[in-house]
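Just remember that the numbering used here sits 277 ahead of the position in the sequence shown, which is counted from 1.
Reviewing the structure listed below.
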Amino acid sequence: MTAVSRWTRWVCVAASAALITGVAVGCSSSDDADAKTPLKVYAAASLKKTFTEIEKAYESQHPDVDVTINFDGSSALVNQIKQGADADVIATADEATMSKLGDLVDPPKIFARNTLVIVTAAGNPKNITNFGSLANPSIRTVVCAVEVPCGAATAQVERNTGIVIKPVSEESSVTAVLTKVTSGEADAGLVYVTDAKSGPDTIAVVGDRAFAKVVNNYPIATLKTSKHQQQAQEFMDLVLAQTGQKILTDAGFATAG
């Protein structure tokens, strides 16, 4: 027990004794005064770098709030919430995944946009030049599962181009795809521009015009079941405001406007 806590306890005991003599004395716990409001944010894996910065910005403006962010694939986050997970805010990597929450969330707002890019080992040893290169069976390509926003985007590029990729694995998040490439388990992977930009120096980046036609809109929403509606709305507002938008654009996201 800290000295402050001991003092508080002594005051409370004294207050109790005073009540016996008919003297009213106020008493409150310093621990209660120091308590912070917990705010739980669920965010797509591709938002880890930016939302970690936004978390710091928010807490600096709201020192009475303690933000905890759960980063995972968008589909996994939605499933967790539908199964009863306690969350105040959710941000997914596409609108289709957010829509699966239905009436569990307040009306979502688009806060950023992202597109795909190919990542390879440093120096691009397989000489991958475009999306069509990934159809070569000798190139080990890893993608996101189609249930995940980055996987749905990949499938849309395949439909648009008529090029079919046979990946060596399908991952549950874009960060898992990047890890497969950086670890040498794959020759190439399809990730977001932002993941490639924040990735290690051990990767090379290859673009394709086809990627520009498939844009993922990132929505954010507050949960109707949140016990901290004001704080949840304030976090969402910060993401949409200049501070949040600058953090996102610096990371390579396109603006929501």
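From the three backbone atoms N, C-alpha and C, an ideal C-beta is built for every residue, glycine too.
Taking the straight line between their C-alpha atoms, what separation do you get for residue i and residue j?
i	j	result
Ala-518	Leu-316	19 Å
Asp-343	Asn-407	44 Å
Ile-297	Thr-329	Low per-residue confidence applies at Ile-297: pLDDT is 40, beneath 50, and the placement is therefore not dependable, though the value from the model is reported in the following sentence. Cα to Cα, the separation comes out at about 52 Å.
Pro-414	Lys-403	12 Å
Lys-359	Ala-368	15 Å
Gly-400	Pro-477	13 Å
Phe-348	Val-355	12 Å
Thr-526	Thr-532	7 Å
Ser-503	Gln-510	10 Å
His-339	Gln-507	12 Å
Gly-361	Ile-416	41 Å
Tyr-495	Ser-337	25 Å
Ser-376	Phe-388	15 Å
Val-454	Asp-464	11 Å
Ser-446	Val-458	11 Å
Pro-385	Ala-373	11 Å
Gly-350	Leu-378	15 Å
Between residue i and chain D, is there a C-beta pair that is closer than 8 Å?
i	result
Leu-381	Of the protein chains in the structure, only one exists, and it is not chain D.
Is residue i near the ligand COA, judged by its Cβ being under 7 Å from some heavy atom?
i	result
Val-394	Within the structure as shown, the ligand COA is missing, as the structure has no ligands at all.
Assuming residue i contacts residue j (C-beta within less than 8 Å), just tell me the rounded distance between them.
i	j	result
Val-568	Val-441	Outside the modelled stretch of the chain, which goes from 278 to 534, sits residue 568, for which no answer is possible.
Ser-323	Val-451	5 Å
Pro-444	Val-482	Not quite, the Cβ-Cβ distance comes to about 19 Å (not below 8 Å), so this is no contact.
Cys-524	Thr-327	Position check: residue 524 holds Ile in this sequence, whereas Cys was assumed. About 5 Å separates the two Cβ atoms, so the contact holds.
Select from the options the residue whose C-alpha is nearest the C-alpha of residue i.
i	options	result
Asp-380	Ala-509, Lys-501 and Leu-515	Lys-501
Ser-410	Thr-438, Cys-427, Ala-430 and Val-423	Thr-438
Gly-428	Leu-455, Ser-449 and Ile-416	Ser-449
Val-470	Leu-393, Val-434, Asp-464 and Leu-515	Leu-393
Ala-430	Lys-325, Asp-371, Asp-365 and Met-513	Asp-371
Ala-422	Ile-416, Gln-433 and Gly-461	Gln-433
Ala-487	Arg-436, Gln-522 and Gly-466	Arg-436
Phe-530	Ile-497, Arg-390, Asp-365 and Pro-385	Arg-390
Ala-320	Thr-456, Gly-466 and Ile-346	Ile-346
What are the complete alpha helix (DSSP H) segments, minimum 4 residues, inside the segment 331-371? 351-359
Every unbroken alpha helix (DSSP H) within the segment 399-472, with a cutoff of 4 residues, ordered by chain: 426-438 and 451-459
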